[in-house]
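Quick note, the sequences are listed as chains A and B, same order. Residue numbers for the first sequence follow the numbering used here, beginning at 53 and rising by one. Residue numbers for the second sequence follow the numbering used here, beginning at 152 and rising by one. Cβ coordinates follow ideal geometry from the N, Cα and C atoms, glycine included.
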Amino acid sequence: MEIDSWHRKSLLGLEELSADEIGCILKQASVFKREISSPDEQSRYLKGKRIVNLFLEPSTRTRIAFEIAAKSLCADVISISGKSSSLTKGETLKDTAMNIKALGADAIVVRHSSAGSPLFLSKTIDVPIINAGDGAHEHPSQALLDIFTLQENLGSVAGKKITILGDILFSRVARSNLWGLTKLGAEVTLAGPSTLVPKQFEGMGARVSHDLRDSLADADAVMLLRIQHERQSSSHFPSLAEYTTMFGLNMARSQWLKPDTLILHPGPINRGVEIDSELADSPRAVILDQVKNGIAVRMAILYLCATTEND
Amino acid sequence: MTDYCLTGGRIVDPSQGLDEIRDLWVLGGRVSFKGNESEVERMDVSGKVVMPGLADLRGHLREPESLASASMSAAAGGFTNILIMPDALQTLDNPGAIRLMQENITRHGTICFSQCGCLTMGSRGDKLAPLGSLKEAGVVAVSDCPNSSQNTEIFARGLEYAAMFDLPVIEFPRDLSISEEGIAHDGPTALKMGVGGYPRMAEELFVQRAITVSRNLGVGIHLTSISSGGAVDLIREAKSKYVPITADTTAHHLALTDAQILGYDTNAKTMPPLREDEDRQAIFEGILDGTLDCICTAHEPCHEHEKQVEFDLAPPGVLGYETALSVVYEELSNTGKDPFGLIARLMSETPRRILKLSGQGIAEGEAADFLVFDPAARWTYNPRDAHSKAKNSLFADQELKGSVDMTFALGEKVFHRE
């Protein structure tokens, strides 16, 4: 297998990866995707390795996908959720991590509401750390599976126009996708209300638009993000109803899209808020493909990180 | 008491109109320029600068720091008079707390400590503290720093009431309604990192509030820890209209930007946050043109375990006493002009004037209260073998320019670098 360009033990975000490194993960993911579809060939690459899923924030898709990915590689998987961890007893993240290391973890997959916590862990303990979402910072495995899905449908993403619509300010998915897509040569437009899509995102290489029609018109793919109404103070926009009225993607507005424009959503979907139910189930929506691809992509991430030798 | 003769040093004290190379004696704890060759300990300080002891307008006496370690840390940085903010080991909002602190100062302090009482009870902003009684118990100023009374009526009444006792009010300008969950400056760096929430606006709105209240009531206010370029502009304009305000910034806001928080270093979490280079430059200009009157340390010790957590959960605050002078010296050296007269005004003379402290600087017959600074020295600040009990510095393991060799306070030599 060609993993020459991969030398990292941890995956903390896409900002720090080169286009080659991103390509390396995606290539490995397609190998695993083929293997999954032929069940006789079970990969045993992580046999005997212990992967700990440390999920300190609620998650369904990501946690299950990492579990299935690890099990598909024959690793032992232990999942710890926020409520069952000692963090609720006042233990610090540092101590929790050092204990997990002492218990013999070969890699830790971490989801945490604090931006930067995977980096903090990687500096604290010498165990591969895989970021499964940290605050509003990054969610690299989600962006990689999004890009993988885009590539399956569009071929290369280079030169393609991708619009990410919704709550960008609080979105780690948007940030990781922005880094990944721009490194691979895509043109990314961030769209949504001005309070959730500040102009300063232009400094990160994106086009910023508050005009829905303009941002949809020539997109090759539209990635919708959930409005994280539980996360924000109510001051960022008047109400969910107002958001849906002004920025929701409904059937009428889908006419502004090119006929073959793909619709992606990282989930969980709020049907009738950011997207019409009918549209979410339409053939152009590849939302469940994203979920399926999430397994192969996470197998690739676990495989690459957990088998990188120490220098 | 040992007598000393410091020979060959350059003595800089603009309050005395002094800037010359001459010998200086400390006889019986007092400064003299006309000593004799009798029994004194002679110290060659040629090539070094003798300046009045520094005075700080903002330091938080928090665990793990004690009065003894704060004394040592301050003395090692050339500070001979530090102001303890009201969020001290005990909250300074009642005369009993002030008297208890004063007893501990008498017992453990080796330099001068001044106390800053609360402006409002518990610095909660909803009820005025007994300012007159606090003054009688010994405070030299009142403040809610690092909080700010969000209720403008209470803030304005407090100012008016404190003025009756000639009690300076130090305002830490922060509009919480727009920054309550803020952990970093809202700029491109924080946006990328997925943090932020403490915009310039939060400071500027309350700087404007202070200016408006000061102008309308005709009473002075001191604004502390200015971090935003826009706030510097507001203060400059207000001063041009003779509004009786004064203001300081911190040594780290003069030297550093929010680039420090990249990598989520919790020791780069300051209050207020570090901002962008345009802010830093505006602060620099504000220092040079007199818009900003002084520089404080904002010394705020934290336990190591408090800082070794997720970025958003770590308390803000950084150490300052032992590094401030070197940091300011390096920054102000970049102007190409000799900085010592300006430093003496920014870090000694003006803070003392704002707090209405007695003391005459380096003058015949005055108690020895000065420092000896070696501008040619290069040294690496290592918090592990420094004097503060805390380690949360922005300048850890960095080479700094110019070092404090010796500090005299209250007539005694309180620090001598090995």
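Beta-carbon neighbours of residue i, restricted to chain B and to distances below 8 Å
{"i": "Gln-252(A)", "result": "Gly-338, Pro-339, Leu-342"}
Segment limits, beta strand (DSSP E) that includes residue i
{"i": "Asn-183(A)", "result": "181–186"}
{"i": "Phe-264(B)", "result": "263–269"}
{"i": "Glu-254(A)", "result": "No beta strand (DSSP E) holds Glu-254(A); DSSP gives it neither H nor E."}
{"i": "Asn-205(A)", "result": "Unbroken run through Asn-205(A) is the alpha helix (DSSP H), 192–206; no beta strand (DSSP E)."}
{"i": "Trp-176(B)", "result": "175–178"}
{"i": "His-164(A)", "result": "159–164"}
{"i": "Ala-292(B)", "result": "292–294"}
{"i": "Cys-76(A)", "result": "First-last for Cys-76(A): 71–89, but that is the alpha helix (DSSP H), not the beta strand (DSSP E)."}
Boundaries of the alpha helix (DSSP H) in which residue i is found, first to last residue
{"i": "Thr-283(B)", "result": "The sequence given here has Gly at residue 283(B), not Thr. Its alpha helix (DSSP H) spans residues 282–288."}
{"i": "Thr-296(A)", "result": "292–299"}
{"i": "Phe-524(B)", "result": "Looking at the DSSP string, Phe-524(B) is not in any alpha helix (DSSP H); the run it does join, the beta strand (DSSP E), is 521–532."}
{"i": "Gln-549(B)", "result": "Careful: Gln-549(B) lies outside any alpha helix (DSSP H), inside the beta strand (DSSP E) at 549–560."}
{"i": "Thr-303(B)", "result": "303–315"}
{"i": "Gly-381(B)", "result": "380–391"}
Amino acids of chain B, ordered along the chain, whose beta-carbon sits closer than 7 Å to that of residue i
{"i": "Leu-145(A)", "result": "Val-460, Glu-461"}
{"i": "Met-256(A)", "result": "Lys-343"}
{"i": "Phe-172(A)", "result": "Tyr-415, Glu-461"}
Neighbourhood of residue i by C-beta distance below 6 Å, restricted to the same chain and skipping five residues each side
{"i": "Leu-157(B)", "result": "Leu-175, Met-194, Val-196"}
{"i": "Phe-566(B)", "result": "Ala-226, Ala-227, Thr-558"}
{"i": "Pro-297(B)", "result": "Phe-323, Met-422"}
{"i": "Phe-491(B)", "result": "Val-163, Val-200"}
{"i": "Thr-296(A)", "result": "Val-325"}
{"i": "Asp-170(B)", "result": "Val-163"}
{"i": "Leu-221(A)", "result": "Leu-248"}
{"i": "Ile-130(A)", "result": "Val-104"}
{"i": "Ser-267(A)", "result": "Thr-215, Thr-241, Ala-243, Ser-261"}
{"i": "Tyr-472(B)", "result": "Ser-224, Ala-225, Gly-228, Phe-230, Thr-448, His-450"}
Cβ neighbours of residue i in the same chain (closer than 8 Å, five flanking residues each side left out)
{"i": "Met-53(A)", "result": "Residue confidence is low: Met-53(A) scores 43 on pLDDT, short of 50, so the model does not pin down where it sits. Its coordinate-derived value is still stated next. Once the five neighbours on either side are set aside, the close Cβ partners of Met-53(A) are Gln-80, Val-83."}
{"i": "Glu-455(B)", "result": "Ala-541, Lys-542, Asn-543"}
{"i": "Met-150(A)", "result": "Thr-176, Ile-177"}
{"i": "Leu-331(A)", "result": "Leu-301, Asn-302, Met-303, Ser-306, Ile-315, Ala-337"}
{"i": "Thr-148(A)", "result": "Leu-106, Ser-137, Ser-138, Leu-139"}
{"i": "Asp-384(B)", "result": "Ala-433"}
{"i": "Leu-230(A)", "result": "Ile-216, Val-240, Leu-242, Phe-253, Met-256, Gly-257, Ala-258"}
{"i": "Arg-308(B)", "result": "Leu-279"}
C-alpha distance - residue i paired with residue j, whole-angstrom precision
{"i": "Asn-245(B)", "j": "Ser-294(B)", "result": "13 Å"}
{"i": "Pro-395(B)", "j": "Ile-372(B)", "result": "7 Å"}
{"i": "Arg-351(B)", "j": "His-404(B)", "result": "13 Å"}
{"i": "Lys-99(A)", "j": "Asn-345(A)", "result": "22 Å"}
{"i": "Trp-58(A)", "j": "Leu-196(A)", "result": "15 Å"}
{"i": "Lys-61(A)", "j": "Phe-524(B)", "result": "48 Å"}
{"i": "Arg-336(A)", "j": "Ile-315(A)", "result": "6 Å"}
{"i": "Thr-648(B)", "j": "Glu-216(B)", "result": "Since the first and last residues shown for chain B are 152 and 569, residue 648(B) lies out of range."}
{"i": "Leu-413(B)", "j": "Asp-186(A)", "result": "15 Å"}
{"i": "Leu-240(B)", "j": "Ile-262(B)", "result": "18 Å"}
{"i": "Gly-289(B)", "j": "Ala-314(B)", "result": "16 Å"}
{"i": "Ala-154(A)", "j": "Arg-350(A)", "result": "25 Å"}
{"i": "Asp-328(A)", "j": "Lys-212(A)", "result": "25 Å"}
{"i": "Gly-573(B)", "j": "Val-177(B)", "result": "Outside the displayed range of chain B (152 to 569) lies residue 573(B), so it cannot be described from this structure."}
{"i": "Leu-234(A)", "j": "Gly-255(A)", "result": "One detail in the question is off: residue 234(A) reads as Thr in this sequence, not Leu. Straight-line Cα distance between these residues: approximately 12 Å."}
{"i": "Ala-226(A)", "j": "Ile-216(A)", "result": "7 Å"}
{"i": "Thr-417(B)", "j": "Gly-142(A)", "result": "19 Å"}
{"i": "Gly-487(B)", "j": "Ile-438(B)", "result": "15 Å"}
{"i": "Glu-331(B)", "j": "Glu-354(B)", "result": "12 Å"}
{"i": "Gly-156(A)", "j": "Arg-102(A)", "result": "7 Å"}
{"i": "Asp-428(B)", "j": "Asp-409(B)", "result": "8 Å"}
{"i": "Ala-221(B)", "j": "Asn-232(B)", "result": "11 Å"}
{"i": "Ile-339(A)", "j": "Gly-381(B)", "result": "46 Å"}
Nonlocal neighbours in the same chain, by C-beta distance under 7 Å from residue i, ignoring five residues either side
{"i": "Glu-457(B)", "result": "Ala-465, Pro-466"}
{"i": "Leu-63(A)", "result": "Ile-182, Asn-183, Pro-192, Ile-353, Cys-357"}
{"i": "Leu-493(B)", "result": "Leu-483"}
{"i": "Leu-545(B)", "result": "His-403, Leu-407, Gln-411, Asn-418, Ala-419, Val-469"}
Beta-carbon neighbours of residue i, restricted to chain A and to distances below 7 Å
{"i": "Gly-345(B)", "result": "Ala-167, Gly-187, Ala-188, His-189, Arg-224, Arg-227"}
{"i": "Leu-572(B)", "result": "With chain B covering only 152 through 569, there is no way to say anything about residue 572(B)."}
Residues that residue i contacts on chain A, provided the C-beta gap is smaller than 9 Å
{"i": "Gly-381(B)", "result": "None at all; the shortest Cβ gap to chain A is about 17 Å."}
Using a Cβ cut-off of 9 Å, which residues of the region 191–208 of chain A contact any Cβ in chain B, in chain order? Within the region 191–208 of chain A, no residue places its CB atom closer than 9 Å to a CB of chain B.
What residues in the region 410–434 of chain B have a beta carbon less than 8 Å from any beta carbon of chain A? Those would be Gly-414, Tyr-415, in chain order.
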